[in-house]
Ligand code: FNR
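Residue numbers (the numbering used here): 1 to 341.
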């Protein structure tokens with residue numbers, strides 16, 4: 001059952017990538033061009049540090065998969081790409097491992113193929129502290145993601161319908177995990193109120209996980225006999241909106257959801273992200289072109305990101321936050337409605 005779901009998610013996510021019109025709210029963020037702001041490329045470093053975590057690059061492969069034979073092979077390729085390019089990588093939800101320890105290899109391959117990389121375990125918000133520790137231990141994780149996905153669970157035929165235990169359980173996991181805990185949405189976005197709540201629970205970092213890329217309401221509708229929650233497609237805040245909403249967040253934020261190109265990475269960093277996660281775009285490249293294509297894509301993105309920082313006069317990703325930005329369209333309306341200057 002779980003293995004089938006994991007295979008369905010991959011298939012439907014890639015179909016969605018192929019059908020997407022390519023636009024999202026990152027298009028409503030642009031940099032004011034300053035013709036003499038440029039630096040020397042050798043002055044630019046991509047390193048980022050946040051919440052006690054340090055990365056060589058501000059880009060990571062975000063949570064996707066594991067739990068079936070096919071998704072184990074995908075995890076192996078993702079891990080090889082992470083190892084070759086030096087980007088951090090997150091596992092897909094490890095619930096399948098708690099239910100069926102025989103699928104452990106489909107997750108532990110993330111560490112096997114990437115022995116020195118930064119690897120993040122992933123669990124849901126009902127996971128016991130013991131199981132969270134097992135997940136971290138299996139892949140020798142450097143951090144733990146807890147995904148929060150009430151909309152996905154609701155549309156998922158076999159999903160959870162009770163969510164009130166999540167807040168106290170996140171607090172327990174954050175206290176007991178032994179590694180930094182990152183709470184992430186799966187594409188509907190974290191509001192500033194939610195980020196503030198998470199900070200109070202001992203969560204170290206929030207991955208805003210906004211709308212604009214993979215849409216799990218659409219994916220789960222595709223797994224129902226009738227797509228009877230079709231109206232939930234497009235639910236939530238875009239990643240750019242979440243970043244603007246979280247300007248004064250008490251904990252560092254990561255950005256993911258709808259990142260299509262290096263310019264989106266630069267936009268997200270300029271809007272305050274400490275790092276930027278990509279799932280659907282990289283999955284599509286891997287399945288279309290194989291691991292060599294994914295390695296080439298990530299290498300190009302890192303190279304072009306450094307080039308963009310050079311043009312924009314930012315020595316580091318954090319320095320991009322001083323960029324002059326223009327906010328257009330509906331994103332501008334969002335800012336007005338939420339009282340954001
Ligand atoms: C995901 N995502 C996800 N997230 C999570 O926390 N645990 C998981 O198990 C999964 N599984 C999963 C499978 C597949 C096939 C995809 C494409 C994605 C969600 C992912 O981490 C991310 O939040 C969203 O996909 C939005 O980012 P993109 O795809 O727009 O870059």
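Using N, Cα and C, we set each Cβ at its ideal position, and we do this for glycine too.
For ligand 1, I want to know if residue 283 counts as a neighbour, meaning its beta carbon is within less than 8 Å of at least one of the ligand's heavy atoms. For this step, residue 283 is matched to residue 283 along the chain shown. Indeed, a heavy atom of ligand 1 lies less than 8 Å from the Cβ.
Enumerated in chain order, which unbroken segments of the beta strand (DSSP E) with a length of 3 residues or greater are wholly contained in the region 104-133? 119-124
When burial is assigned at 16 or more other CB atoms within 10 Å of the CB, is residue 211 buried or exposed? As a working note, residue 211 is residue 211 in the chain shown. By the 10 Å Cβ count, residue 211 comes out buried.
Buried or exposed: which applies to residue 1, given that a residue is buried once 16 or more other Cβ atoms fall within 10 Å of its Cβ? As a first step, residue 1 is located in the chain shown; it is residue number 1 there, counting from the start. Residue 1 should be labelled exposed.
Since residue 97 is in the alpha helix (DSSP H), which residue starts that stretch and which ends it? Indexing the chain shown from 1 puts residue 97 at position 97. That run of the alpha helix (DSSP H) goes 95-99.
Taking 9 Å as the threshold (C-beta atoms), are residue 135 and residue 118 in contact? Walking along the chain shown from the start, residue 118 turns up at place 118. Walking along the chain shown from the start, residue 135 turns up at place 135. In this structure, residue 135 does not lie closer than 9 Å to residue 118 by Cβ.
Ordered list of alpha helix (DSSP H) runs contained in the region 122-207, each at least 4 residues: 129-138, 150-155, 166-176 and 192-200
Below 8 Å, is the gap between the Cβ of residue 99 and the nearest heavy atom of ligand 1? Position 99 of the chain shown, counting from 1, holds the residue named residue 99. The answer is no for residue 99.
For the beta strand (DSSP E) holding residue 49, just list the boundary residues, first then last. Here residue 49 corresponds to residue number 49 of the chain shown, with the count starting at 1. 48-50 is the span of the beta strand (DSSP E), which, as asked, contains residue 49.
For residue 90, name the three-state secondary structure that DSSP assigns. Locating residue 90 in the chain shown gives position 90, where the first residue counts as 1. Residue 90: strand per DSSP, three-state reduction.
At which residues does the beta strand (DSSP E) containing residue 325 begin and terminate? Working through the chain shown from its first residue, we reach residue 325 at position 325. Here the beta strand (DSSP E) through residue 325 covers 325-327.
For the candidate residues 286, 124 and 153, whose alpha-carbon lies nearest to that of residue 147? The count along the chain shown starts at 1 and reaches residue 147 at position 147. Of the candidates 286, 124 and 153, the one whose C-alpha sits nearest the C-alpha of residue 147 is 124.
Is residue 18 near ligand 1, judged by its Cβ being under 8 Å from some heavy atom? Locating residue 18 in the chain shown gives position 18, where the first residue counts as 1. No; taking the cut-off as 8 Å, the Cβ of residue 18 has no heavy atom of ligand 1 nearer than that.
Can you tell me whether DSSP reads residue 259 as helix, strand or coil? The residue labelled residue 259 in the question sits at position 259 within the chain shown. It is coil, neither helix nor strand.
Hey, how far is the Cα of residue 22 from the Cα of residue 285? Locating residue 22 in the chain shown gives position 22, where the first residue counts as 1. Locating residue 285 in the chain shown gives position 285, where the first residue counts as 1. Approximately 15 Å, taken between the alpha carbons.
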